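In our numbering, the protein residues as written are 13 to 171. Here the structure is laid out as structure tokens; the discussion comes afterwards.
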């Protein structure tokens, strides 16, 4: 296994779920390892599920669905209870977000789109590398501020 001194770095993908992401936002969420693998299933008509694994262990999962109308209050409550240190947070794009250290639920409003009012993102971060602290929450939010707008653009739901 490579160490910080070995000079070999994990190959952080430039895209997640087909959307471009900055290495600087994704890398802090990943554990040390040798190999990354991404997978995607589903279609924009129903739901898209994307995952990222490091050395065959899933560490990041994103489920995206179209949403017409607002998310029910109980769905926000579920997210607040599900994720460590979760709370409603301000985001840089039009939408609503509950973000914790190990996951998030986000609605991103679509503009100029005939398909739906918004996209619903459910994000799960797994593994020993998850920092269940304020620093961990900040790292996940930093990634989401990059990923969600890129994904909404890819799905023709420009925020």
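Backbone N, C-alpha and C define an ideal beta-carbon position, used for all residues, glycine too. Since this is a predicted model, take the numbers as computed values, not measurements.
So, at 6 Å on beta carbons, what are the nonlocal neighbours of residue i in its own chain, with the 5 sequence-adjacent residues on each side left out?
i          : result
residue 63 : 51, 70, 73
residue 61 : 53, 54, 75
Where does residue i sit, in a helix, a strand or coil, going by DSSP?
i           : result
residue 49  : strand
residue 139 : coil
residue 155 : helix
residue 118 : strand
residue 110 : strand
residue 147 : helix
residue 32  : strand
residue 41  : helix
If you drop the 5 nearest sequence neighbours on each side, which residues of the same chain put their C-beta closer than 7 Å to that of residue i?
i           : result
residue 111 : 98, 101, 149, 152, 153, 156
residue 166 : 30, 31
residue 94  : 115
residue 159 : 28, 31, 33
residue 18  : Its pLDDT being 43, under 50, residue 18 is placed unreliably in this model, and the value from its coordinates should be taken loosely. If we look at residue 18 and ignore the five residues flanking it on each side, it has no Cβ neighbours.
If you follow the alpha helix (DSSP H) that residue i is in, where does it begin and where does it stop?
i          : result
residue 35 : 35 to 38
residue 90 : 85 to 94
Determine the extent of the beta strand (DSSP E) in which residue i is found, giving its start and end residues.
i          : result
residue 61 : 59 to 66
residue 79 : 69 to 79
residue 99 : 99 to 101
Determine the direct distance from the alpha carbon of residue j to that of residue i, and round the result to whole angstroms.
i           : j           : result
residue 31  : residue 164 : 9 Å
residue 122 : residue 21  : 37 Å
residue 131 : residue 45  : 32 Å
residue 137 : residue 147 : 14 Å
residue 58  : residue 120 : 16 Å
residue 169 : residue 78  : 10 Å
residue 23  : residue 85  : 39 Å
residue 92  : residue 145 : 15 Å
Excluding sequence positions up to five away, which residues of its chain have a Cβ less than 8 Å from the Cβ of residue i?
i          : result
residue 88 : 100, 108, 110, 117
If residue i and residue j are in contact, beta carbons under 8 Å, what's the gap, nearest whole angstrom?
i          : j           : result
residue 66 : residue 162 : Actually they do not touch by this definition, with Cβ atoms about 21 Å apart.
residue 25 : residue 48  : 6 Å
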